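As structure tokens, the structure follows; a few thoughts come after it.
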Amino acid sequence: MMLQLINRTELLLRHYLGLEQVHPEQLYRVLLTMLGDLATFGSESKRPRLDSRYQHSDQGASFRRLMEAIRQVLSMVLEQHAIELPLQARQYGILVSPLHDHKLLGSASFVLAASANCESEELRQRLPAHLKVGAVEHIRQLVNLHLPGIRVKPLPVAPR
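At position 70 of the sequence shown the residue is numbered 70 (UniProt numbering), and the sequence of numbers has no breaks.
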């Protein structure tokens, strides 16, 4: 959806760039729409925050406030909220992912993305029962003693 927003806005701005004349309010409207769309991805409330309106008599201030709001939302959108922990294959079908920042264990949520040659709902239902998640030092014990390990639950939708 982010790519769709960028593509749509870029095309409109390129169109305006190619015109001889564009009313400033038209450009303001496109940027205002972009701010609203970006707020969906980047603000806590998912709502745009702009307390001012377009004023033709003070276009400079109108555009400055709008651009500042866009920059603010973009800085939140572009913040990295997730890091990838690549899985490495080991013997006996075991996959490990070294965790270099152990502070994540106390503050982060971990999401495992999986795919298979079956319906997504079937995968969501069956996969948790076939996984053992835990410290690499305890995997043998988890498997041999049929212990559950760290609880795994399917998410209704992929996180954003």
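In this text, a Cβ means the ideal position worked out from N, Cα and C, and glycines have one as well.
Since the model is a prediction, treat every value here as computed from it, not as a measurement.
State the start and end residues of the unbroken alpha helix (DSSP H) segment that holds residue i.
{"i": "F41", "result": "P24 to G42"}
{"i": "S107", "result": "L104 to S107"}
{"i": "Q125", "result": "S120 to R126"}
{"i": "Y16", "result": "M2 to G18"}
{"i": "N144", "result": "I139 to N144"}
Going by DSSP, what residues sit across from residue i in a beta bridge?
{"i": "G134", "result": "According to DSSP, which records beta bridges pairwise, G134 is partnered with nothing at all."}
{"i": "G149", "result": "V133"}
{"i": "Q88", "result": "V96"}
Got a sec? Which residues, its chain only, sit under 6 Å from residue i by beta carbon, not counting five neighbours each side?
{"i": "F63", "result": "none"}
{"i": "G149", "result": "K132, V133, G134 and L142"}
{"i": "K46", "result": "T40"}
Is the CB-CB distance between residue i and residue j below 8 Å?
{"i": "L11", "j": "V30", "result": "no"}
{"i": "L66", "j": "L35", "result": "yes"}
{"i": "Q111", "j": "L131", "result": "In the sequence as presented, Gln is not what sits at residue 111; that position holds Val. Contact flag unset, no."}
{"i": "G106", "j": "L74", "result": "no"}
{"i": "A39", "j": "P48", "result": "yes"}
{"i": "L127", "j": "A114", "result": "yes"}
{"i": "H56", "j": "E84", "result": "no"}
{"i": "Y16", "j": "L27", "result": "yes"}
{"i": "A69", "j": "L50", "result": "yes"}
Quick one: what's got a C-beta closer than 7 Å to residue i's C-beta in the same chain, skipping five residues either side?
{"i": "A116", "result": "L123"}
{"i": "R90", "result": "V96"}
{"i": "M2", "result": "F41"}
{"i": "V136", "result": "V96"}
{"i": "V22", "result": "Y16"}
Is residue i close to chain B, meaning its C-beta is less than 8 Å from at least one C-beta of that chain?
{"i": "P98", "result": "Among the chains of the structure shown, chain B does not appear; only one protein chain is present."}
If I measure Cβ to Cβ from residue i and keep anything under 8 Å in the same chain, skipping five residues before and after, which residues do I get?
{"i": "R53", "result": "S62"}
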